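Structure follows, in C-alpha cells:
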C-alpha cells in the first residue's frame, strides 16, 4: 500500500511514456522556436552573436541553431534521443553559465528551466513512443531469430 503511494507507476508504463512524449513535444517545439528565430535572422545575428568558445560568431550561431533546431527534431520524435540531447544541453548550459552568467536570475531563468528539464529528460529516456524504442525492439526481435 505504501509502495503504491510513493511509487504509483512503473517507469515503462504507457502513462509514463505518454507523459514523456508530451514533454518531448512541448519542450522540443519551444526550443525549436528559438532555433528558428536564430536561423531566420542568421545574417544579422552572425555579426553580433556571442562567441564564448572562440569559434567566431557565425560558427557559434550555427552550432546554437544545430542544438536548438536540428537536435530538437530528434528529441521530439525520439530518434537518437540521448545523442540529440547532448548538443541541446550543451547549448543551454553555455547560455546559462556563460552568456547570462552575470545577469540577474530572472534573465537567465528560462535557460535554467530548459537545462533542468533536459537533464531530467535525458535521465528518463524517450519512453515507449519513440523511434529509438521501436528500433530497439526490432533489433531484439532480429537477434532472437
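Residue numbers (the numbering used here): 237 to 381.
C-beta atoms are modelled at their ideal positions from N, C-alpha and C, and glycine is treated no differently.
This structure is a prediction, so every number in the text was calculated from the model and none was measured.
Legend entry - For residue 340, the three-state DSSP class (helix, strand or coil): coil
Legend entry - Three-pair Cβ contact test at 8 angstroms for the segment 337 to 348 versus the segment 292 to 309: no
Legend entry - Start-to-end residues for the alpha helix (DSSP H) that takes in residue 277: Looking at the DSSP string, residue 277 is not in any alpha helix (DSSP H), and its letter there is neither H nor E.
Legend entry - For residue 368 and residue 319, the rounded distance between their alpha carbons: 11 angstroms
Legend entry - Contact test: residue 263 Cβ vs the ligand FMN heavy atom, cutoff 6 angstroms: Among the components of this structure there are no ligands whatsoever, and the ligand FMN is therefore not found.
Inset, instruction - May I ask you to verify whether the segment 371 to 381 touches the segment 274 to 288, counting CB pairs closer than 8 angstroms and requiring at least 3? - result: no
Legend entry - Other residues of its chain near residue 259: CB distance less than 8 angstroms, five sequence neighbours each side excluded: 353, 357
Legend entry - Proximity below 7 angstroms, CB of residue 311 to CB of residue 296: no
Legend entry - residue 238, buried or exposed, once every other Cβ within 10 Å from all chains shown has been counted against 16: Residue placement at residue 238 cannot be trusted, given a pLDDT of 45 that sits under 50; what the coordinates show is reported in the next sentence. Counting Cβ neighbours within 10 Å, residue 238 comes out exposed, since fewer than 16 surround it.
Legend entry - residue 366, DSSP secondary structure in three states: coil
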